[in-house]
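Counting from 2, one number per residue, gives the positions in the sequence shown under the numbering used here. Ideal placement from N, C-alpha and C gives every residue a C-beta, glycine not left out.
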Amino acid sequence: MVGGGEGAYIGGIHRYAARLDDQYELVAGAFDVDPARGHAFAARSFVAPDRSYGDYRQMVAAEAERADRIDVVAICTPNHTHFPIASAFLEAGFDVICEKPMTTTLADAVALHELAGTTGRFLGVTYTYCGYPMIHEARAMVAAGRIGRVRVVQVEYPLEWMATAIEAEGNQQAAWRTDPRRNGRGGSIGDIGTHAYHLAGFVSGLEAESLCADLATFVEGRALDDNAHVMLRYKGGARGLLWSSQVAIGHSNGLRLRIAGEAGSLAWWQEQPNELQFTPLKGRPTLIKRGSDGLSAAATVRTRTPAGHPEGYIEAFANLYAGFAEAIRARRDGRDVAAAWRDVPTSRDGLKGVAFVEAVVDSHEKAPFGWQRPAFA
Numbered sequence: 002m003v004g005g006g007e008g009a010y011i012g013g014i015h016r017y018a019a020r021l022d023d024q025y026e027l028v029a030g031a032f033d034v035d036p037a038r039g040h041a042f043a044a045r046s047f048v049a050p051d052r053s054y055g056d057y058r059q060m061v062a063a064e065a066e067r068a069d070r071i072d073v074v075a076i077c078t079p080n081h082t083h084f085p086i087a088s089a090f091l092e093a094g095f096d097v098i099c100e101k102p103m104t105t106t107l108a109d110a111v112a113l114h115e116l117a118g119t120t121g122r123f124l125g126v127t128y129t130y131c132g133y134p135m136i137h138e139a140r141a142m143v144a145a146g147r148i149g150r151v152r153v154v155q156v157e158y159p160l161e162w163m164a165t166a167i168e169a170e171g172n173q174q175a176a177w178r179t180d181p182r183r184n185g186r187g188g189s190i191g192d193i194g195t196h197a198y199h200l201a202g203f204v205s206g207l208e209a210e211s212l213c214a215d216l217a218t219f220v221e222g223r224a225l226d227d228n229a230h231v232m233l234r235y236k237g238g239a240r241g242l243l244w245s246s247q248v249a250i251g252h253s254n255g256l257r258l259r260i261a262g263e264a265g266s267l268a269w270w271q272e273q274p275n276e277l278q279f280t281p282l283k284g285r286p287t288l289i290k291r292g293s294d295g296l297s298a299a300a301t302v303r304t305r306t307p308a309g310h311p312e313g314y315i316e317a318f319a320n321l322y323a324g325f326a327e328a329i330r331a332r333r334d335g336r337d338v339a340a341a342w343r344d345v346p347t348s349r350d351g352l353k354g355v356a357f358v359e360a361v362v363d364s365h366e367k368a369p370f371g372w373q374r375p376a377f378a
């Protein structure tokens, strides 16, 4: 692991997720920009002293020479560091799991995606919410034609945690997310809007053709957007609407997805993740519950506990880690990787996410209320 040390929320989530299915062991890391803090954290995490590194460059060089070298590295650092760290590990022959967004610029995203291809290494991106079983059930239902041809996709991701200028009060998580040098061009749209965009495409199977965006910065003095509204046009004629906000009071983690087709609709809410609402044309709404009989294989394989025993965010994240493990093994074993890689977010998804942020900001800045075509849908 690079980053993710003491006080880093997302590092803990990665470690919980990696442990859940007993497929990973944390054996090495460069956990902090302060080497002393990083070494102290490594000791508390039972990482051997000779595999606790001062920075990622030392880690790459040392691990590349070991007979028991690491198999994969998890990058849990702020956005602006993803590209150099991931590039270094890919070039040294390691597989990579990277936080989103994959990079802060489109040029870097293209380069990293191409590097993963030329090195033949796996690069997974942690779009967490596609790990939920009922998201896979929704995806399978759309693919099977249960709601007919998709007409409308609505996805929203409102949060309240940055409704005031907490970055000026010492909150480090907010500080780097509001700094264009460390976060990239998009504020809320880059931090959580990319999650919403990926989820909409993952379930619907649609590719964006163009978009029109309106960004706002409601907290005075903030350099990046903290609210975004985006209209989407998908290939084939479907329409979409995306809202991301870091200033929506009353919303703790309100990710919600609705998909309406010619023959029915689906609705899912992240704060009630074990349930999926299906409404057929001229039929009654049905609540489909995780763990119930007759679900798709994709949903069933991602379920650990019987119906009525809630599974949530950590389990969804662990499903990504399990999927990444299978993807890496498929490549190593010389198997057809298409099936193993199809159900997990890869560098291609990371590239599409960065292209989405670029198109959103360009739409707002260069062509207000005009349509912008993402470089990669």
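In chain order, what residues of the same chain lie with their CB nearer than 7 Å to the CB of residue i, ignoring the 5 residues before and after it?
{"i": "residue 38", "result": "6 and 7"}
{"i": "residue 204", "result": "136, 139, 140, 143, 258 and 260"}
{"i": "residue 16", "result": "27"}
{"i": "residue 164", "result": "248 and 250"}
{"i": "residue 371", "result": "213 and 364"}
{"i": "residue 1", "result": "Residue 1 lies beyond the residue range present for the chain, which begins at 2 and ends at 378; the question has no answer from this structure."}
{"i": "residue 310", "result": "none"}
{"i": "residue 43", "result": "30, 32 and 53"}
{"i": "residue 90", "result": "61, 74 and 97"}
{"i": "residue 327", "result": "341"}
By DSSP, does residue i sit in helix, in strand, or in coil?
{"i": "residue 163", "result": "coil"}
{"i": "residue 200", "result": "helix"}
{"i": "residue 36", "result": "helix"}
{"i": "residue 133", "result": "coil"}
{"i": "residue 316", "result": "helix"}
{"i": "residue 359", "result": "helix"}
{"i": "residue 245", "result": "strand"}
{"i": "residue 352", "result": "helix"}
{"i": "residue 54", "result": "coil"}
{"i": "residue 126", "result": "strand"}
{"i": "residue 24", "result": "coil"}
{"i": "residue 4", "result": "strand"}
{"i": "residue 401", "result": "What is shown of the chain runs 2 to 378, which leaves residue 401 out entirely."}
{"i": "residue 345", "result": "coil"}
{"i": "residue 49", "result": "coil"}
{"i": "residue 76", "result": "strand"}
So, for residue i: in the same chain, excluding its five sequence neighbours on each side, which residues have a beta-carbon less than 6 Å away from its beta-carbon?
{"i": "residue 352", "result": "110, 114 and 377"}
{"i": "residue 276", "result": "288 and 290"}
{"i": "residue 1", "result": "Absent from the model: residue 1. The displayed extent of the chain is 2 to 378, so no value can be given."}
{"i": "residue 270", "result": "257"}
{"i": "residue 299", "result": "137 and 141"}
{"i": "residue 95", "result": "74"}
{"i": "residue 25", "result": "19"}
{"i": "residue 56", "result": "31"}
Just to confirm my understanding: we take residue i, look at its own chain, exclude 5 residues before and 5 after, and list those with CB closer than 8 Å. What are they?
{"i": "residue 361", "result": "187, 190, 194, 212, 214, 216, 229, 231 and 373"}
{"i": "residue 252", "result": "159, 160, 161 and 246"}
{"i": "residue 77", "result": "2, 3, 4, 5, 9, 11, 12, 15 and 100"}
{"i": "residue 234", "result": "209, 210, 211, 212, 240, 241 and 372"}
{"i": "residue 167", "result": "175"}
Run the CB neighbour count on residue i, radius 10 Å, all protein chains shown included, and call it buried at 16 or more, exposed below.
{"i": "residue 272", "result": "exposed"}
{"i": "residue 23", "result": "exposed"}
{"i": "residue 87", "result": "buried"}
{"i": "residue 202", "result": "buried"}
{"i": "residue 341", "result": "buried"}
Review point. Between the region 176-193 and the region 77-92, do three or more beta carbon pairs fall short of 8 Å?
Key: Three or more Cβ pairs drawn from the region 176-193 and the region 77-92 lie within less than 8 Å of each other, which places the two stretches in contact.
Practice item. Report the residue ranges of all beta strand (DSSP E) runs contained in full by the region 78-113; include only those spanning at least 3 residues, in chain order. Key: Here the runs fully enclosed are 96-99.
Check your understanding: So, do the region 112-130 and the region 311-329 have three or more beta carbon pairs nearer to each other than 8 Å?
Key -> Contact holds: three or more Cβ-Cβ distances are below 8 Å.
Review point. Is it a yes or a no for the region 47-56 touching the region 15-29, going by three-plus beta-carbon pairs under 8 Å?
Key: Flag = yes, the region 47-56 and the region 15-29 touch.
Practice item. Quick one: which unbroken alpha helix (DSSP H) runs of 4-plus residues sit fully inside the region 255-304? Chain order, please. Key: Annotation: the region 255-304 contains the following complete segments of the alpha helix (DSSP H) (minimum length 4 residues), in chain order: 298-301.
Review point. At which residue ranges does the region 182-234 contain complete beta strand (DSSP E) runs of 3 or more residues, listed in the order of the chain?
Key: The qualifying runs are 209-217.
Check your understanding: Is the region 184-199 touching the region 208-227 in the sense that three or more CB pairs, one from each, lie closer than 8 Å?
Key -> Contact holds: three or more Cβ-Cβ distances are below 8 Å.
Review point. Would you say the region 294-313 touches the region 329-340, given that touching needs at least three Cβ pairs under 8 Å?
Key: Result no; under three Cβ-Cβ pairs closer than 8 Å.
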